[in-house]
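Participant: Taken in order, these protein sequences are the chains called Y and E.
For the first sequence, counting from 1, position 226 maps to 226 in this note's numbering; every step adds exactly one.
To convert, take the position in the second sequence, counting from 1, and add 392; that gives this note's numbering.
Glycine is no exception: its CB is placed at the ideal position from the N, C-alpha and C atoms.
Number of protein chains: 2
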Amino acid sequence: MLSKQLRNLAIKSSGNSFFMGLRSSQMMTNQQAKDLKIEQRQPKLQKPNTQNGDPYAFGRVFTDHMIQIDYNAENGWDAPKIVPYGSFPMAITASSLHYGISAYEGITVVKNKDTNAPQAFRVRDNLNSFKLSNEHLDLPTFDTEELLKCIQGLVKVDQDWFPNIKDLNSQLYVRLNHVSTDPTLGVKSPRFTKLYAILNPNTFKKKSLKIKCSQDASKSWPLGHGQYRLSGNLGPLLPQLVDARNNGFDDVLWLLDDYVHEMTVLNVFAYMKNRFGDYELITPANDGCIFNGTIRQSILEMADEIQKEKKVKVVERSLSIHEIINAYKEERLIEFFGGATSSNIQSISRLQFRDQTIDLSGRPTPLADHLNNKLLSIMTGPSDHKWVTPLL
Amino acid sequence: MLSKQLRNLAIKSSGNSFFMGLRSSQMMTNQQAKDLKIEQRQPKLQKPNTQNGDPYAFGRVFTDHMIQIDYNAENGWDAPKIVPYGSFPMAITASSLHYGISAYEGITVVKNKDTNAPQAFRVRDNLNSFKLSNEHLDLPTFDTEELLKCIQGLVKVDQDWFPNIKDLNSQLYVRLNHVSTDPTLGVKSPRFTKLYAILNPNTFKKKSLKIKCSQDASKSWPLGHGQYRLSGNLGPLLPQLVDARNNGFDDVLWLLDDYVHEMTVLNVFAYMKNRFGDYELITPANDGCIFNGTIRQSILEMADEIQKEKKVKVVERSLSIHEIINAYKEERLIEFFGGATSSNIQSISRLQFRDQTIDLSGRPTPLADHLNNKLLSIMTGPSDHKWVTPLL
Numbered sequence: 001m002l003s004k005q006l007r008n009l010a011i012k013s014s015g016n017s018f019f020m021g022l023r024s025s026q027m028m029t030n031q032q033a034k035d036l037k038i039e040q041r042q043p044k045l046q047k048p049n050t051q052n053g054d055p056y057a058f059g060r061v062f063t064d065h066m067i068q069i070d071y072n073a074e075n076g077w078d079a080p081k082i083v084p085y086g087s088f089p090m091a092i093t094a095s096s097l098h099y100g101i102s103a104y105e106g107i108t109v110v111k112n113k114d115t116n117a118p119q120a121f122r123v124r125d126n127l128n129s130f131k132l133s134n135e136h137l138d139l140p141t142f143d144t145e146e147l148l149k150c151i152q153g154l155v156k157v158d159q160d161w162f163p164n165i166k167d168l169n170s171q172l173y174v175r176l177n178h179v180s181t182d183p184t185l186g187v188k189s190p191r192f193t194k195l196y197a198i199l200n201p202n203t204f205k206k207k208s209l210k211i212k213c214s215q216d217a218s219k220s221w222p223l224g225h226g227q228y229r230l231s232g233n234l235g236p237l238l239p240q241l242v243d244a245r246n247n248g249f250d251d252v253l254w255l256l257d258d259y260v261h262e263m264t265v266l267n268v269f270a271y272m273k274n275r276f277g278d279y280e281l282i283t284p285a286n287d288g289c290i291f292n293g294t295i296r297q298s299i300l301e302m303a304d305e306i307q308k309e310k311k312v313k314v315v316e317r318s319l320s321i322h323e324i325i326n327a328y329k330e331e332r333l334i335e336f337f338g339g340a341t342s343s344n345i346q347s348i349s350r351l352q353f354r355d356q357t358i359d360l361s362g363r364p365t366p367l368a369d370h371l372n373n374k375l376l377s378i379m380t381g382p383s384d385h386k387w388v389t390p391l392l
Numbered sequence: 393m394l395s396k397q398l399r400n401l402a403i404k405s406s407g408n409s410f411f412m413g414l415r416s417s418q419m420m421t422n423q424q425a426k427d428l429k430i431e432q433r434q435p436k437l438q439k440p441n442t443q444n445g446d447p448y449a450f451g452r453v454f455t456d457h458m459i460q461i462d463y464n465a466e467n468g469w470d471a472p473k474i475v476p477y478g479s480f481p482m483a484i485t486a487s488s489l490h491y492g493i494s495a496y497e498g499i500t501v502v503k504n505k506d507t508n509a510p511q512a513f514r515v516r517d518n519l520n521s522f523k524l525s526n527e528h529l530d531l532p533t534f535d536t537e538e539l540l541k542c543i544q545g546l547v548k549v550d551q552d553w554f555p556n557i558k559d560l561n562s563q564l565y566v567r568l569n570h571v572s573t574d575p576t577l578g579v580k581s582p583r584f585t586k587l588y589a590i591l592n593p594n595t596f597k598k599k600s601l602k603i604k605c606s607q608d609a610s611k612s613w614p615l616g617h618g619q620y621r622l623s624g625n626l627g628p629l630l631p632q633l634v635d636a637r638n639n640g641f642d643d644v645l646w647l648l649d650d651y652v653h654e655m656t657v658l659n660v661f662a663y664m665k666n667r668f669g670d671y672e673l674i675t676p677a678n679d680g681c682i683f684n685g686t687i688r689q690s691i692l693e694m695a696d697e698i699q700k701e702k703k704v705k706v707v708e709r710s711l712s713i714h715e716i717i718n719a720y721k722e723e724r725l726i727e728f729f730g731g732a733t734s735s736n737i738q739s740i741s742r743l744q745f746r747d748q749t750i751d752l753s754g755r756p757t758p759l760a761d762h763l764n765n766k767l768l769s770i771m772t773g774p775s776d777h778k779w780v781t782p783l784l
């Protein structure tokens, strides 16, 4: 696209070429993470008090620093900076605020269980997914390996922020966001943007979720944007989410034409005995309506192992809510669970579809537990596993 | 919804009750716009130079001041303020940036052609529509009449900003935006928000648009959010928009299953002779997939007049792109045009659907011209018209 070519030209002529245009990447040196500047916070932030329980709920606490990288079409990317965590001056007309031109991504960073060194789970998959979401909003592109180096720098600076709470695995969840700061109204490719990364220390809590199926509303559509992590995909779900929460549910299971898509940020999995007597773990097909999260990808890629260990066939296909309900009624539904980077595997104890309820509360969840442990063990295990990237 | 009740309680107990909860509005006095504080900009901004043409393109120039009103769930709404136009400090975690929790609206303010006094076109319809969009994101609600008084205050302060360019009608386009400033991650009802209004002086330019039909992408869906002005509805359209613009088009005509929805911000109208020999002005039905803009509403409400003046029946119904193409081939398509608050009526001279082109360039556009003049004449005419609200 012309706009990208222009950008790349701008970047080429700029002094700083840390991030680069897709088309001109071969013309660039790949060693610009060396430009990373660190401005240390003094004094450091106070960490939450853990005496009265676990204050590390998802999304509430952030570490001392963040990564900030600004872009403008004229000069390309500024040098990446690690700066004290805080707010920034935002144009009231910024097109992220008026037209939802912002894309985010989440990355799990945990501690290696033997060495205590921070390591990331499938970070390159997350970074590639982030890049695709960026391209969908015509946000300027970047080199994912260089961005990874910046994230390594941030984790290094703030590694003492891992929550240390007995019996709970903890993470430094990396939230990446790339927002348009372009201060003119009109739906167009942004000429000014800001890419940033923050660290949210939290603990993996296993929760038994109660969920309600969406009614007269859908999360995404066959010609829509559900496969991307765009900010605008989630806010408009609030009417259904608020209604579900006000009625004692934790989340919504999003359907279209009674086919199951996903929960708000978790992919879903139904473990059942089918009518031929075979054991299947079914996850909805990746038809552009669902986000192909790293937990989902991992379970699909571990299909052979799961078959061997648990005699369960992992299947990716269309899944109707009525198939799940019938399996439940016929006592063939064994487990139903969700999975996402930020929370790992979460069992579902209750599922409401109109006036029908699937109640699995109190039941054992052997497959969910098995997969949860298996994934956690890879995340926190030897750093030579292909899904693990040491960060120090 | 519980969250709204809690908010309303919070607002009731707060010192400032300028804006109020929907459910408690009857318990509130309606005279709180008196709290409006004005901080004058000194010195004033420099206005653009009009010597070399018209610098007042849409969305680029803004006036000296803006309205800012902050909300927090604890204390409700702060007193509304008119402050110098500028940026504001934004939490890097604000849920408008991560989850698209922001809703906007546009209002046309023009000068009365006899008295030169500023007046707004269908401002109450715009404010009600803004309120609906806010509710869809569970943003805190407000009294539209009180907000109108603030807008009047802003226009009064900056009324010398109407562009004065020969032969061009000008407006102070009011852009309202309400964004979540809630600094915690997670998709939930915002506890901190900022509502603001800015004035964009621009001129109504008549342009002959070239548009391309969307392909393998849609703008909205039957169970989606197309009837609201949510920020997240527009950014994800960029891939198709950029592609269209790079190929010489001005905009995209969004289809679903080959049915016409709307352009990116304009509703559309096809003027044709149908197969029974009757003259019809057809606009796609309001089935939740389109935004029912005020120009669209006005044309529908003027149906009887249009029938009388032009012998054209105004029809709201499903409209397939193939019906338009066939009408063109059979020489029954007379005009095709778009309409929106920000730009009034805009003729379409070329429409591309896959490998088929409708070329109307060079043709007269009598109905578009008639409606454009009719609407402009109401906008700038006597302020006792039901669609006109004097602002001073």
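Three or more beta-carbon pairs under 8 Å between the region 132-143 of chain Y and the region 156-174 of chain Y, yes or no?
Facilitator: no
Participant: Considering only DSSP beta bridges, list what G106(Y) is partnered with.
Facilitator: For the purposes of this step, residue 106(Y) is identified with residue 106 of the first sequence, where counting begins at 1. According to DSSP, G106(Y) bridges with R175(Y).
Participant: Which first and last residues belong to the alpha helix (DSSP H) in which R742(E) is found?
Facilitator: Locating residue 742(E) in the second sequence gives position 350, counting from the first residue. Careful: R742(E) lies outside any alpha helix (DSSP H), inside the beta strand (DSSP E) at N736 to F745.
Participant: Which residue wins for smallest C-alpha separation from P575(E), given the options Q171(Y), N200(Y), D182(Y) and L185(Y)?
Facilitator: The count along the second sequence starts at 1 and reaches residue 575(E) at position 183. Comparing Cα-Cα distances from P575(E) to each of Q171(Y), N200(Y), D182(Y) and L185(Y), the minimum goes to N200(Y).
Participant: Check T294(Y) in the structure and name its three-state DSSP category.
Facilitator: Position 294 of the first sequence holds residue 294(Y). DSSP, read as helix, strand or coil, puts T294(Y) in helix.
Participant: Output the distance between the C-alpha atoms of L784(E) and T772(E), rounded to the nearest integer angstrom.
Facilitator: Here residue 784(E) is taken as the residue at index 392 of the second sequence, counted from 1. Here residue 772(E) is taken as the residue at index 380 of the second sequence, counted from 1. Computed Cα separation, rounded: 14 Å.
Participant: Out of N666(E), I737(E), Q544(E) and F683(E), state which residue places its alpha-carbon closest to the alpha-carbon of N718(E).
Facilitator: The count along the second sequence starts at 1 and reaches residue 718(E) at position 326. Looking at the Cα atoms, N666(E) is the closest of the given residues.
Participant: Any idea what DSSP makes of D643(E), helix, strand or coil?
Facilitator: As a working mapping, residue 643(E) is identified with position 251 in the second sequence. In this structure, D643(E) counts as strand in the three-state DSSP scheme.
Participant: By how many angstroms is the C-alpha of D384(Y) removed from the C-alpha of I306(Y)?
Facilitator: For the purposes of this step, residue 306(Y) is identified with residue 306 of the first sequence, where counting begins at 1. For the purposes of this step, residue 384(Y) is identified with residue 384 of the first sequence, where counting begins at 1. Taking the straight line joining both Cα atoms gives about 21 Å.
Participant: From which residue to which residue does the beta strand (DSSP E) around V123(Y) run?
Facilitator: For the purposes of this step, residue 123(Y) is taken as residue 123 along the first sequence, with counting starting at 1. Not the beta strand (DSSP E): V123(Y) falls in the alpha helix (DSSP H), residues V123 to H136.
Participant: Check for me: the beta strand (DSSP E) holding A732(E) runs from which residue to which?
Facilitator: To locate residue 732(E), count along the second sequence from 1; it is residue 340. Note, A732(E): beta strand (DSSP E), L725 to A732.
Participant: Quick check: the Cα distance between F480(E) and T365(Y), rounded to an integer number of angstroms?
Facilitator: Position 88 of the second sequence, counting from 1, holds the residue named residue 480(E). Position 365 of the first sequence, counting from 1, holds the residue named residue 365(Y). Taking the straight line from one Cα to the other gives about 49 Å.
Participant: Leaving out five residues on either side along the sequence, give the residues of the same chain with a beta carbon under 7 Å from the beta carbon of S102(Y).
Facilitator: As a working mapping, residue 102(Y) is identified with position 102 in the first sequence. Contacts found: S96, N177, H178, V179, S180 and S231.
Participant: Within 10 angstroms of the Cβ of A244(Y), are there 16 or more other Cβ atoms? Answer buried if so, exposed if not.
Facilitator: Mapped onto the first sequence, residue 244(Y) falls at position 244. Flag for A244(Y) reads buried.
Participant: Under a three-way DSSP split, which group does K205(Y) fall into?
Facilitator: If you number the first sequence from 1, residue 205(Y) lands on position 205. Looking at K205(Y) - three-state DSSP - the assignment turns out to be coil, as it is neither helix nor strand.
Participant: Alpha carbon to alpha carbon, how far is Y496(E) from L587(E)? Give it in angstroms, no decimals.
Facilitator: Working through the second sequence from its first residue, we reach residue 587(E) at position 195. Working through the second sequence from its first residue, we reach residue 496(E) at position 104. Looking at the two C-alpha atoms, the distance is approximately 9 Å.
Participant: So what's H457(E) in DSSP terms, helix, strand or just coil?
Facilitator: As a position in the second sequence, residue 457(E) is number 65, starting the count at 1. DSSP places H457(E) in strand when its eight states are reduced to three.
Participant: Say yes only if the C-beta of V549(E) is nearer than 7 Å to one or more non-hydrogen atoms of the ligand GDP, and no if none qualify.
Facilitator: The ligand GDP is not part of this structure, which contains no ligands at all.
Participant: In whole angstroms, give me the CA-to-CA distance for L767(E) and D506(E).
Facilitator: By 1-based counting over the second sequence, the position of residue 767(E) is 375. By 1-based counting over the second sequence, the position of residue 506(E) is 114. Those two C-alpha atoms are separated by around 16 Å.
Participant: Where do the ends of the alpha helix (DSSP H) carrying Y328(Y) lie?
Facilitator: To locate residue 328(Y), count along the first sequence from 1; it is residue 328. Y328(Y) -> alpha helix (DSSP H) spans I321 to K329.
Participant: Note down, in chain order, every chain E residue with its Cβ under 7 Å from the Cβ of A91(Y).
Facilitator: Taking the first sequence and counting its residues from 1, one reaches residue 91(Y) at position 91. Within chain E, the residues near A91(Y) are S479.
Participant: Check this for me: beta carbons of V242(Y) and L281(Y), under 8 Å apart or not?
Facilitator: Taking the first residue of the first sequence as position 1, residue 242(Y) is located at position 242. Taking the first residue of the first sequence as position 1, residue 281(Y) is located at position 281. Not a contact, by the Cβ cut-off of 8 Å.
Participant: Compute the Euclidean distance between the alpha carbons of Y328(Y) and I334(Y), then round it to the nearest angstrom.
Facilitator: Taking the first sequence and counting its residues from 1, one reaches residue 328(Y) at position 328. Taking the first sequence and counting its residues from 1, one reaches residue 334(Y) at position 334. Each residue's Cα considered, the two are about 8 Å apart.
Participant: Would you kindly work out how many angstroms separate the C-alpha atoms of A120(Y) and H261(Y), rounded to a whole number?
Facilitator: As a first step, residue 120(Y) is located in the first sequence; it is residue number 120 there, counting from the start. As a first step, residue 261(Y) is located in the first sequence; it is residue number 261 there, counting from the start. Distance between the alpha carbons of A120(Y) and H261(Y): 27 Å.
Participant: Can the beta-carbon of L168(Y) be found closer than 8 Å to that of T193(Y)?
Facilitator: By 1-based counting over the first sequence, the position of residue 168(Y) is 168. By 1-based counting over the first sequence, the position of residue 193(Y) is 193. Against a cut-off of 8 Å, the Cβ pair of T193(Y) and L168(Y) comes out as no contact.
Participant: Please list the residues of the region 580-597 of chain E that have a C-beta atom closer than 8 Å to any C-beta atom in chain Y, keeping them in chain order.
Facilitator: Listed in sequence order: K580, S581, Y588, I590 and N592.
Participant: By the criterion of Cβ-Cβ separation under 9 Å, what are the contact partners of I306(Y) in chain E?
Facilitator: For this step, residue 306(Y) is matched to residue 306 along the first sequence. Simply none; closest approach about 30 Å.
Participant: Is the Cβ of R433(E) closer than 8 Å to any Cβ of chain Y?
Facilitator: As a position in the second sequence, residue 433(E) is number 41, starting the count at 1. Under the Cβ distance rule, R433(E) does not count among the residues neighbouring chain Y, no pair being separated by less than 8 Å.
Participant: Let me see if you follow: with CB-CB separation under 8 Å, is N177(Y) close to chain E or not?
Facilitator: As a working mapping, residue 177(Y) is identified with position 177 in the first sequence. It does: the Cβ of N177(Y) has a partner Cβ on chain E nearer than 8 Å.
Participant: Considering only C-alpha positions, which residue in the set F62(Y), A57(Y) and I211(Y) is nearest to K47(Y)?
Facilitator: Taking the first sequence and counting its residues from 1, one reaches residue 47(Y) at position 47. When only C-alpha atoms are compared, the closest one is F62(Y).
Participant: Please work out which residues of its chain come closer than 8 Å, Cβ to Cβ, to N638(E), disregarding the five sequence neighbours upstream and downstream, and give them in chain order.
Facilitator: On the second sequence, position 246 is the one that residue 638(E) refers to. Cβ neighbours of N638(E) beyond the five flanking positions: none.
Participant: Along the chain, where does the alpha helix (DSSP H) that runs through M771(E) open and close?
Facilitator: Walking along the second sequence from the start, residue 771(E) turns up at place 379. Residues P758 to M771.
Participant: At least one CB of chain Y closer than 8 Å to the CB of Y355(E): is that the case?
Facilitator: Here chain E has residues from 393 to 784 only, and residue 355(E) is not among them.
Participant: Take P84(Y) and list the residues in its own chain whose beta-carbon comes closer than 7 Å to its own, dropping the five residues that flank it on each side.
Facilitator: On the first sequence, residue 84(Y) is found 84 positions in, with the first residue counted as 1. Excluding sequence neighbours, P84(Y) sits near E39, R41, D64 and H65.
Participant: Run the CB neighbour count on A509(E), radius 10 Å, all protein chains shown included, and call it buried at 16 or more, exposed below.
Facilitator: Translated into the one-based positions of the second sequence, residue 509(E) becomes position 117. The residue is exposed, with fewer than 16 neighbouring Cβ atoms inside 10 Å.
Participant: In this structure, what does DSSP give as the bridge partners for I674(E)?
Facilitator: Along the second sequence, read from residue 1 onward, the residue named residue 674(E) stands at position 282. BP columns for I674(E) point to A662(E) and V707(E).
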